[in-house]
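Structure first, then comments.
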Amino acid sequence: MVSEVAEQKAAKLRETAAAFRAQAQELEEKQARERRENAQRSFKTFDSNKDGSVDIAELKAGLESPLRRSFTKTLQARMGRNPSKEEVDERIAGLPGGTLFPEELALKLIQTYDQNGDGLLQQSEFAPTEELRTRLENLFSQQREDERLARMEERQRQMDDKMRPGAGAVVVSPGDVNDGPATTADKALSALPYLLPLADGIVFAAHLFGALPEQTAWAQPLAAVLLTLRSLPFATLIGFFSLSIGSTNPQVNKLVRFNMQQAINLDIALILPGVVGAITGAVLGSDAVKLAPLANAGSDVVFVALLAAVAYSVGTSATGSFPNKLPLLGRLNRENPDNELEGDEE
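Heads up, the sequence shown is in the UniProt record's numbering, so the first residue is 1 and it goes up one at a time.
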């Protein structure tokens with residue numbers, strides 16, 4: 001009896017597995033059929049001269065239009081408005097080769113699908129437009145990575161050429177830019193600039209420390225240090241200008257320069273809530289005390305946001321990565337590697 005039940009369960013499992021396999025096969029066949037149909041439609045669109053094959057010129061003509069739309073959307077997001085046709089054309093002209101679709105990438109894309117090696121794409125070799133775009137984006141990414149590695153290798157070669165025979169030291173001229181990987185010392189130095197915004201922002205912590213003395217006891221020593229720094233004559237002003245100068249020194253590692261600039265941006269951002277509080281107090285006079293709960297809540301939010309930004313920046317820098325994901329502030333940083341990449345694309 002038990003064996004019969006087990007056999008029935010096994011049979012049901014086999015039936016279920018067979019049904020799943022059939023469904024999977026049906027889905028694969030459906031996807032393959034849809035891909036062929038999409039590829040056929042794309043081929044008819046790209047084959048402008050109707051000669052039964054797509055060459056490099058036809059491939060570029062077919063893909064440049066959607067590439068231009070995508071590029072325009074990216075430019076619109078970056079500029080905050082709709083760019084004119086002339087502005088788009090000007091940005092495209094500034095790209096390597098003066099085009100969105102360089103000839104060498106078009107050739108690589110054809111070689112990816114060219115099964116018979118004739119340098120043309122037949123209908124049986126063609127792919128849907130979206131697949132072609134995705135493959136082209138991968139080729140773009142690979143090209144940028146190859147260029148980045150080539151720049152790093154060239155920089156390393158130049159530094160090796162400046163090695164003094166037998167001295168074991170590198171002679172770095174003032175024009176050299178320290179964009180190499182961050183050392184342990186660089187990662188540690190990246191945390192120091194944030195003492196500036198913390199020293200200027202500690203005033204926003206007064207209510208939080210007073211309302212939660214036990215929960216904030218761990219931060220009391222740091223608060224004492226920050227208040228001491230703040231009390232020194234012109235300490236924060238000197239720190240601000242020192243960071244401004246240091247962030248433009250090409251011999252300082254790029255990660256440290258980035259964090260110097262980001263600390264400056266954070267410090268500048270703290271001006272706004274301070275100005276709002278001062279104006280509100282001046283306008284309302286003695287009635288400002290009625291808004292004390294709102295002012296305290298605002299101060300708490302500002303200080304907690306500052307702590308979160310500093311913690312993220314220091315933690316990310318400790319891994320050797322750029323903390324460039326802070327809303328707005330990261331993109332304002334002139335040392336942002338994403339900005340450098342965008343500049344290359346433009």
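Even glycine gets a Cβ: it sits at the ideal position worked out from N, Cα and C.
Item	Value
Closer than 6 Å: is that where the CB of alanine 235 sits relative to any heavy atom of the ligand MG?	With respect to the ligand MG, the structure offers nothing, as it holds no ligand at all.
Taking contact to mean 3 or more Cβ pairs, one atom from each stretch, closer than 8 Å, check whether the region 49–69 and the region 108–124 are in contact.	yes
To the nearest angstrom, report how far apart glutamate 26 and glutamate 15 are at their CA atoms.	16 Å
In or out: glutamate 214 buried (at least 16 other Cβ within 10 Å) or exposed?	exposed
With which residues is leucine 121 paired in a DSSP beta bridge?	Val54
Less than 7 Å separating the beta-carbons of valine 314 and alanine 191?	yes
Please specify which runs of the alpha helix (DSSP H), each continuous and at least 4 residues long, are wholly inside the region 197–257, giving them in chain order.	206–211, 220–231, 235–246
Cα separation between phenylalanine 240 and leucine 227?	16 Å
Report yes or no: do the region 181–200 and the region 220–236 share at least 3 C-beta pairs separated by less than 8 Å?	yes
If you reduce the DSSP assignment to three classes, tell me which class lysine 9 lands in.	helix
Should glutamate 64 and phenylalanine 101 be called a contact, given that it needs their Cβ atoms to be closer than 7 Å?	yes
Inspect the CB distances between the region 242–254 and the region 269–278 and report whether three or more fall short of 8 Å.	no
What does the alpha-carbon distance come out to for the pair glutamate 145 and glutamate 7?	58 Å
Just to confirm, are glycine 201 and leucine 270 a CB contact at a threshold of 7 Å?	yes
Along the chain, where does the alpha helix (DSSP H) containing asparagine 116 start, and where does it finish?	Neither: asparagine 116 is in no alpha helix (DSSP H) and is coded neither H nor E.
Around the C-beta of aspartate 47, are 16 or more other C-beta atoms found within 10 angstroms, so that it is buried, or is it exposed?	buried
What is the rounded straight-line gap between the Cα of residue 353 and the Cα of leucine 272?	This structure leaves residue 353 out entirely; the chain is present only between 1 and 346.
Return the CA-CA distance between lysine 187 and alanine 18, expressed in angstroms with no decimal places.	57 Å
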